[in-house]
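If you read the sequence shown in my numbering, its first letter stands for residue 112, the second for the next number, and so on. What follows is a single structure, written as structure tokens, with notes after it.
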Amino acid sequence: MANIASPCISLCRMDPTSGFCEGCLRNIDEIASWGSLNDAARLKVLAAIKARRKQARASKPARVLCDASSHPQWPDKLRFIQRDWLSCNSVLILDDQEGATLFDSGYIKHAHKTREQVHQMLGNTTLRRLVNTHLHSDHCGANALLQQSFDCELLVPAASFQAVRDWDAMSLSFQATGQRCQRFHADASLKSGDKIESGGLCWEAHAAPGHDPESLVFFEASHGLLISADVLWADGFGVIFPELEGESGFSEQEAMLDLIEFLQPRWVFPGHGPAFADVDQALLLARKRLVAMRDDPAKHARHALKVLLKFLMLDLEWADRAALDKYLATASLPASCAKQMQMQAGQALAWAIDDLIAQGQLRQVGTRLLND
């Protein structure tokens with residue numbers, strides 16, 4: 112019996128030019144025969160994939176990425192804080208006269224680290240306002256601590272304002288995802304067309320449904336800068352959560368990619384991953400991924416379930432497998448994923464755990480799961 116796991120990454124679309132899958136770089140014969148191959152034959156396929164990836168990297172132009180806090184092509188007052196997949200990135204706009212503005216705050220686990228980073232970057236400047244692109248826990252988890260520490264004003268998307276005032280954990284997605292967030296209060300709201308001026312820059316809000324129907328992105332036209340939240344990353348975009356619950360999301364995401372192409376930003380500051388200037392390449396990758404999701408919503412659901420599970424394990428770091436099953440049973444989104452996968456919730460979770468273990472994202476020791 113073969114033990115080597117499939118290299119499939121759930122982006123299953125054949126490139127008509129190369130003849131290889133855009134996700135795993137196998138040809139159609141290698142995909143079809145995988146189940147019947149022994150380990151020796153599978154190793155040969157994996158070696159071929161490695162060679163193809165190396166050739167593809169050599170033939171591609173170098174990507175224009177930046178994970179530093181500043182760049183010669185950015186305004187002097189802008190600071191980029193790149194984080195990880197548990198906490199989103201933040202953008203800080205320094206303003207000695209009116210006080211600084213911070214876009215997004217990260218996850219609650221990293222709240223004290225976020226506060227220290229912001230404090231160091233502020234220097235003698237005060238933090239006047241905190242702005243959320245949307246209210247997923249990885250973007251607003253440090254809100255409460257920053258409000259307490261800096262006495263800053265908090266602005267949230269208008270569509271989320273009442274849910275914050277009522278602290279409706281279901282509407283705010285924290286209960287649905289099984290994620291943590293300390294309660295915070297919102298002082299004001301922002302809608303599409305509203306502008307924020309800070310540090311000599313003027314950011315216009317644009318409605319950004321798709322990943323989150325209530326999300327906003329912010330465009331600074333004079334310098335061609337876009338704070339894209341989870342609408343566009345250098346290598347993709349966030350899970351399209353409405354689609355998991357039977358609502359429209361793929362069409363809205365497509366429209367957002369079209370909007371970004373129309374805006375023609377010179378630099379994009381995404382919710383996760385490095386800032387990037389090769390926007391056309393990012394849009395090409397995003398559109399390919401979106402087509403694959405639309406073609407097979409069940410694959411999108413499988414991807415989403417693994418994202419939710421990995422996020423939880425990044426937070427917990429370790430968990431007893433039975434306790435994890437019980438914990439996730441209280442969250443509605445994993446069950447929605449399972450339904451689209453045509454599996455029972457427990458079966459779907461077991462599949463996701465096993466797949467993440469096979470990919471080296473998790474490790475099991477006895478009954479305990481460890482984040483890797």
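Think of the CB as a built atom: it goes at the ideal place given N, C-alpha and C, for glycine as much as any other residue.
**Asn-138 to Met-125 span [Cα, whole Å]** = On the sequence shown, residue 138 is found 27 positions in, with the first residue counted as 1. On the sequence shown, residue 125 is found 14 positions in, with the first residue counted as 1. Computed Cα separation, rounded: 8 Å.
**Asked** Rounded to whole angstroms, how far is the Cβ of Cys-199 from the Cβ of Asp-249, which I believe are closer than 8 Å?
**Response** Within the sequence shown, numbered from 1, the residue matching residue 199 stands at position 88. Within the sequence shown, numbered from 1, the residue matching residue 249 stands at position 138. Right, their Cβ atoms sit about 5 Å apart.
**Prompt:** Going by the CB atoms, is the gap between Leu-189 and Ala-211 shorter than 8 Å?
**Reply:** On the sequence shown, position 100 is the one that residue 211 refers to. On the sequence shown, position 78 is the one that residue 189 refers to. No, they are not a contact pair.
**Request:** Please report how far the alpha carbon of Trp-296 lies from the alpha carbon of Arg-276, in whole angstroms.
**Result:** Taking the sequence shown and counting its residues from 1, the one referred to as residue 296 is at position 185. Taking the sequence shown and counting its residues from 1, the one referred to as residue 276 is at position 165. In the sequence under discussion, the amino acid at residue 296 is His, which differs from the Trp named in the question. Approximately 6 Å, taken between the alpha carbons.
**Asked** Would DSSP call Gly-310 helix, strand or coil?
**Response** Sequence index remark: in the sequence shown, residue 310 carries index 199 (1-based). If DSSP states are grouped into helix, strand and coil, Gly-310 belongs with coil.
**Asked** Can you tell me where the alpha helix (DSSP H) with Ser-300 in it begins and where it stops?
**Response** Position 189 of the sequence shown holds residue 300. First-last for Ser-300: 299–301, but that is the beta strand (DSSP E), not the alpha helix (DSSP H).
**Item:** Reference Gly-261; option with closest CA among Phe-191, Met-281 and Leu-233
**Value:** Position 150 of the sequence shown, counting from 1, holds the residue named residue 261. Looking at the sequence provided, one finds Phe at residue 261 rather than Gly. The residue with the shortest Cα to Cα distance from Phe-261 is Leu-233.
**Prompt:** Taking the alpha-carbon positions, what's the Ala-440 to Leu-425 distance?
**Reply:** Along the sequence shown, one-based indexing puts residue 440 at 329. Along the sequence shown, one-based indexing puts residue 425 at 314. Roughly 18 Å between the two C-alpha positions.
**Prompt:** Ends of the beta strand (DSSP E) at Val-379?
**Reply:** In the sequence shown, counting from the first residue as 1, residue 379 sits at position 268. 378–381 is the span of the beta strand (DSSP E), which, as asked, contains Val-379.
**Request:** Kindly indicate which three-state DSSP category Gln-392 falls into: helix, strand or coil?
**Result:** For this step, residue 392 is matched to residue 281 along the sequence shown. Here Gln-392 sits in helix by DSSP.
**Request:** Would you mind giving the Cβ-Cβ distance between Ser-300 and Pro-268, rounded to the nearest angstrom? I have them listed as a contact below 8 Å.
**Result:** Here residue 300 refers to the residue found at position 189 when the sequence shown is read from its first residue. Here residue 268 refers to the residue found at position 157 when the sequence shown is read from its first residue. With a Cβ gap of about 7 Å, Ser-300 and Pro-268 count as contacting.
**Message:** On the DSSP letters alone, give me the boundaries of the beta strand (DSSP E) that Glu-331 sits inside.
**Reply:** Counting from one through the sequence shown, the residue named residue 331 turns up at place 220. Element bounds for Glu-331: 327–331.
**Message:** Going by DSSP, what residue range makes up the beta strand (DSSP E) through Val-350?
**Reply:** On the sequence shown, position 239 is the one that residue 350 refers to. Run containing Val-350: none; DSSP gives neither H nor E here.
**Request:** Classify Asp-465 as helix, strand or coil using the three-state DSSP reduction.
**Result:** Numbered from its first residue, the sequence shown carries residue 465 at position 354. If DSSP states are grouped into helix, strand and coil, Asp-465 belongs with the helices.
**Message:** Quick check for students: name the residue ranges of the alpha helix (DSSP H) that lie wholly in the region 396–482, counting only runs of 4 or more.
**Reply:** 408–427, 432–439, 443–451 and 456–469
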